[in-house]
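Enquirer:
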Amino acid sequence: MFESSLKQLGDALRAKKISSVELTQLYLDRIARLNPELNAYVTLNPEASLAQARAADQCITKNEAPPLTGIPIAQKDIFCAKGWRTTCGSKMLENFVAPYDAHVIEQFNRAGAVNLGKTNMDEFAMGSSNETSYFGTVKNPWGTARVPGGSSGGTAAAVAARLCAAATGTDTGGSIRQPAALCGISGLKPTYGVCSRYGMIAFASSLDQAGPMGRSAEDLALMMNAMAGFDERDSTSLQREKEDYARDLNKPLSGLRIGLPKEFFAEGLGSDVAQAVEAAIAEYRKLGATVVDISLPNTRLSIPVYYVLAPAEASSNLSRFDGVRYGYRAPDYTDLTDMYEKTRAQGFGTEVKRRIMIGTYVLSHGYYDAYYIQAQRIRRLIAQDFTEAFKQCDVIMGPTSPSTAFKLGEKGDDPVQMYLSDIYTIAVNLAGLPGMSIPCGFGSNDMPVGLQIIGNYFDEARMLNAAHQYQLATDWHSRAPQGL
Amino acid sequence: MSLSTQDVEKVARLARLAMTGPEIETARAQLSGIFDLIAEMQAVDTTGIEPMSHAQDLSQRLREDKVTETNQREAFQAIAPQVEAGLYLVPKVIE
Chain W
1 MFESSLKQLG
11 DALRAKKISS
21 VELTQLYLDR
31 IARLNPELNA
41 YVTLNPEASL
51 AQARAADQCI
61 TKNEAPPLTG
71 IPIAQKDIFC
81 AKGWRTTCGS
91 KMLENFVAPY
101 DAHVIEQFNR
111 AGAVNLGKTN
121 MDEFAMGSSN
131 ETSYFGTVKN
141 PWGTARVPGG
151 SSGGTAAAVA
161 ARLCAAATGT
171 DTGGSIRQPA
181 ALCGISGLKP
191 TYGVCSRYGM
201 IAFASSLDQA
211 GPMGRSAEDL
221 ALMMNAMAGF
231 DERDSTSLQR
241 EKEDYARDLN
251 KPLSGLRIGL
261 PKEFFAEGLG
271 SDVAQAVEAA
281 IAEYRKLGAT
291 VVDISLPNTR
301 LSIPVYYVLA
311 PAEASSNLSR
321 FDGVRYGYRA
331 PDYTDLTDMY
341 EKTRAQGFGT
351 EVKRRIMIGT
361 YVLSHGYYDA
371 YYIQAQRIRR
381 LIAQDFTEAF
391 KQCDVIMGPT
401 SPSTAFKLGE
411 KGDDPVQMYL
421 SDIYTIAVNL
431 AGLPGMSIPC
441 GFGSNDMPVG
451 LQIIGNYFDE
461 ARMLNAAHQY
471 QLATDWHSRA
481 PQGL
Chain P
485 MSLSTQDVEK
495 VARLARLAMT
505 GPEIETARAQ
515 LSGIFDLIAE
525 MQAVDTTGIE
535 PMSHAQDLSQ
545 RLREDKVTET
555 NQREAFQAIA
565 PQVEAGLYLV
575 PKVIE
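Top line first, the protein sequences correspond to chains W and P. Throughout the first sequence, residue numbering follows the working numbering, covering 1 to 484 in sequence. Throughout the second sequence, residue numbering follows the working numbering, covering 485 to 579 in sequence.
The structure is reproduced here in structure tokens:
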């Protein structure tokens, strides 16, 4: 049952081969056995999950069930879920119980999915290794001495270890794609604005986007059908017709033009990762696709631009955590300023404080034009690179991450080295494009390698088609960590 | 680019983050490394390039000026660190 696709689970539930309550309990039992080692979940609420499962079973009996009804889905702990503790991986929100649902949570509730639990994450989604969570690091199910990637590392580990059928993540600079690659699963960051950010705790508002993580492209398409959609409460939500993201899954790939950016295969890319990605491209040629050499000349600037813009937005968004209306408050203080300063010093972890400091500095008087405005100008150059590239190709492919999962603690003391692990993913967020990662092999240390697929705006269905056809021809996506 | 201790202290004050001496020194060293990385973009000629703040270059959508949500003060204050008589309690600001 743990190896079944979302469609197979839906069919089994409708055929009454298993009830949602039984399925949910199976997952809860597996979580109880494996989570103490992996630390993928930070909050479980079996009573609430089973209550949703009972409601789903009734809905299925009445033949009124949408495709995800009764299927246990995990939610990244960045999404507010009414009545659920919602921590965002921070001491600041350690005891925060959300008084309302995020739009994405509402969508899954409407679809009848069961909320299985809240998954661990880098604090306020800031990190590439899931080592910055206040609730401890998540371990990679493929090798527990290694990181699962971040910031959706808990989600990626939960999916890889079969601790849920699928799950949600968020991606500000690669936080869905990079952990998906490092844990050997599939993950999709949609076009900016396709999924509402309402109720998703904000990190960098012009970059953050929710998306699905699962075992296959087909599962991601079903997840997207549930979670995407216009929401008037989010002013950045795009008003578009509801799409069926599964509509093109079975189209043949003949005629598909794949762009390979030379900058993605340059110095810094691990040879084992390059080998696996090149083998995947060869498979795509066999499937009828053609390959075009392209250039994204400003790729190297995406990291400095990101580390100006994202911290600038974070410093503003995180100013709301002041110990007054919700969240942590320092126990001892002398006056209001002292209360703010101690609350924030004690409530935030090192990486969050570092990014707030960067953001405060680049927005401060005398530096705004030199840093923030300059970064926004280069952001346009980066987006224009993609516009030019998509005149020559339908999708862009390359590695998701320069290396496979690194060891826990390996990059902890050097933030710059950590930041460079997102070199291939960040530009996609700056441009607002959709991007995904699918498993395409293993590195020399037997850890998974991810293939990144980047699409033009609103081209998710075509990307899912490309990924699904590859997954019909290969079995990387169906391999699971041994011994769990 | 090397930041001074005074730079870090000033930024910490602006960001409302209490920091000890050793924390300031660690932050100074790490922030200097990050600003070295950021310095790479300073050399790019961006004359005539319009800053990009939104991926789709959209303007802010506005809603009608009418009440759409009910007041949930009790629910929100139930999760506050300190409240009294419907008000959030903070240290005295004005004597």
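In this text, a Cβ means the ideal position worked out from N, Cα and C, and glycines have one as well.
Could you tell me which chain W residues have their CB closer than 7 Å to the CB of P:Gly505, listed as they occur along the chain?
Expert: Result: empty, since nearest Cβ-Cβ is about 13 Å, beyond 7 Å.
Enquirer: Determine, using beta carbons only, whether P:Ser486 comes closer than 9 Å to chain W.
Expert: no
Enquirer: Beta-carbon of P:Ala564 versus every beta-carbon of chain W: anything under 9 Å?
Expert: yes
Enquirer: Check whether the Cβ atoms of W:Ser175 and W:Ser152 lie closer than 9 Å to each other.
Expert: yes
Enquirer: Can you pull out the residues from the segment 369 to 390 of chain W whose beta carbon lies closer than 8 Å to at least one beta carbon of chain P?
Expert: Ala370, Tyr371, Ile373, Gln374, Ala375, Gln376, Arg377, Ile378, Arg379, Arg380, Leu381 and Ala383
Enquirer: Please classify W:Leu93: is it buried, with 16 or more other beta-carbons within 10 angstroms of its beta-carbon, or exposed?
Expert: Looking at its Cβ environment, which holds 16 or more other Cβ atoms inside 10 Å, W:Leu93 is buried.
Enquirer: Quick check for students: name the residue ranges of the beta strand (DSSP E) that lie wholly in the segment 84 to 156 of chain W, counting only runs of 3 or more.
Expert: 114 to 119
Enquirer: Give me the chain P residues within the contact set of W:Gly432, using Cβ-Cβ distance strictly less than 7 Å, ordered along the chain.
Expert: Ala539 and Gln540
Enquirer: Starting from the C-beta of P:Leu515, find all residues in its chain whose C-beta is less than 6 Å away, skip the five residues before and the five after it, and write them out in chain order.
Expert: Excluding positions up to five away in sequence, the list reads Leu487.
Enquirer: At what residues does the beta strand (DSSP E) containing W:Arg257 begin and finish?
Expert: Arg257 to Pro261
Enquirer: Counting C-beta neighbours from all protein chains within 10 Å, is the total for W:Pro252 16 or more, i.e. buried, or is it exposed?
Expert: exposed
Enquirer: Answer yes if the segment 322 to 341 of chain W comes into contact with the segment 460 to 473 of chain W, meaning at least three C-beta pairs across the two stretches below 8 Å, and no otherwise.
Expert: no
Enquirer: With a threshold of 9 Å between beta carbons, is P:Val551 in contact with chain W?
Expert: no
Enquirer: Kindly identify the DSSP beta-bridge partner or partners of P:Tyr572.
Expert: P:Val567
Enquirer: What residues are listed by DSSP as bridge partners for W:Tyr419?
Expert: DSSP lists no partner for W:Tyr419.
Enquirer: Does W:Val42 have its Cβ less than 9 Å from a Cβ in chain P?
Expert: no
Enquirer: Among W:Asp234, W:Lys242 and W:Ser235, whose alpha-carbon lies nearest the alpha-carbon of W:Met224?
Expert: W:Lys242
Enquirer: Using a Cβ-Cβ cut-off of less than 7 Å, give me the residues of the segment 93 to 110 of chain W that come near chain P, in sequence order.
Expert: Within the segment 93 to 110 of chain W, the qualifying residues are Phe96, Val97 and Pro99.
Enquirer: Let me know if W:Arg193 comes out buried or exposed under the rule of 16 or more other beta-carbons within 10 Å of its beta-carbon.
Expert: The identity of residue 193 of chain W in the sequence shown is Gly, whereas the question assumes Arg. Buried: at least 16 other Cβ atoms inside 10 Å.
Enquirer: Quick one: is W:Val308 near chain P, going by C-beta distance under 9 Å?
Expert: At a cut-off of 9 Å between beta-carbon atoms, W:Val308 makes contact with chain P.
Enquirer: Which residues in chain P sit within 8 Å of W:Asp171, going by Cβ to Cβ distance?
Expert: Residues of chain P passing the Cβ test: none, with the nearest at roughly 13 Å.
Enquirer: Can you give me, in chain order, the residues of the segment 455 to 470 of chain W that have a beta carbon less than 9 Å from any beta carbon in chain P?
Expert: Tyr457
Enquirer: Taking 7 Å as the limit between beta carbons, can you name the residues of its chain near W:Gly127, skipping five residues before and five after?
Expert: Gly150, Ser151 and Glu351
Enquirer: Kindly indicate the opening and closing residues of the alpha helix (DSSP H) around W:Gly455.
Expert: W:Gly455 -> not in any alpha helix (DSSP H); beta strand (DSSP E) instead, spanning Pro448 to Gly455.
Enquirer: Taking P:Gly570 as the query, report the chain W residues whose CB atoms sit under 9 Å from its CB, ordered along the chain.
Expert: Those within 9 Å of P:Gly570 in chain W number zero; the least Cβ separation is about 13 Å.
Enquirer: Return the CA-CA distance between P:Glu534 and W:Leu309, expressed in angstroms with no decimal places.
Expert: 15 Å
Enquirer: Which one of W:Val21, W:Glu37 and W:Ala111 has the shortest CA to CA distance from W:Glu64?
Expert: Closest option to W:Glu64, Cα to Cα, is W:Ala111.
Enquirer: Can W:Met227 and W:Val104 be called in contact, C-beta distance under 9 Å?
Expert: Yes, these two residues count as a Cβ contact at 9 Å.
Enquirer: In the DSSP assignment, what residue or residues form a beta bridge with W:Ile438?
Expert: W:Leu451
Enquirer: Going by Cα to Cα distance, which pick from W:Thr69, W:Lys411 and W:Arg33 is closest to W:Ala12?
Expert: W:Thr69
Enquirer: For W:Glu263, I'd like the list of residues in its chain whose CB is within less than 6 Å of its CB, leaving aside the five on either flank, ordered along the chain.
Expert: Leu296 and Thr299
Enquirer: So W:Thr474 packs on W:Glu218, CB below 8 Å; how close in whole Å?
Expert: About 14 Å; that fails the 8 Å criterion.
Enquirer: Could you work out which residues of chain P lie near W:Arg329, taking near to mean beta carbons separated by less than 8 Å?
Expert: Pro565 and Gln566
Enquirer: Which partner residues does W:Asp293 have in the DSSP bridge list?
Expert: W:Leu260
Enquirer: With a cut-off of 9 Å, does the C-beta of P:Gln514 fall near any C-beta of chain W?
Expert: yes
Enquirer: Where does W:Lys118 land, buried or exposed, given buried means 16+ other C-beta within 10 angstroms?
Expert: The residue in question, W:Lys118, is buried, as its Cβ has 16 or more Cβ neighbours within 10 Å.
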